[in-house]
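Trainee:
Residue numbers (the numbering used here): 34 to 118.
#1: When we look at the beta-carbon of residue 96 and count the other beta-carbons within 10 Å, is it buried (16 or more) or exposed?
#2: Below 8 Å, can you find three or more Cβ-Cβ pairs linking the region 56-73 to the region 84-92?
#3: Which stretch, first to last residue, makes up the alpha helix (DSSP H) that contains residue 93?
#4: According to the neighbour-count rule (16 or more other Cβ atoms, all chains shown, within 10 Å of its Cβ), is residue 113 buried or exposed?
#5: Start and end of the alpha helix (DSSP H) containing residue 84?
#6: With C-beta atoms as the reference, is residue 92 less than 8 Å away from residue 64?
#7: Suppose the cutoff is 8 Å on Cβ atoms and the five residues either side in sequence are ignored; what does the same chain contact list for residue 43 look like?
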């Protein structure tokens, strides 16, 4: 019985690895690696500037959102007033 269990686990691991290999996007890079994040930062920049780019993916835009700090215009009065109301 123990051999069947190990064989089943290795089969499952092999199948997971195969799925991971096929789960690349237009970048062709390992998802969530520094190179992958940089690729999507560049693609969003190209999109913003009207230049040719690969189709943006939800994961690519999420990577851009997480890697880009919130823009602070220095005017906190509106948010402060809203918080006080």
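C-beta: ideal position from N, C-alpha, C; glycine also.
None of these values were measured; they are calculated from a predicted model.
Mentor: A quick look at the data gives this:
#1: buried
#2: yes
#3: 91-100
#4: Model confidence at residue 113 stands at a pLDDT of 46, short of 50, so the residue's coordinates are unreliable; what they give is reported in the following sentence. Answer is exposed; the Cβ neighbour count stays below 16.
#5: Counting along the chain, residue 84 falls outside any alpha helix (DSSP H), and DSSP gives it neither H nor E.
#6: yes
#7: none
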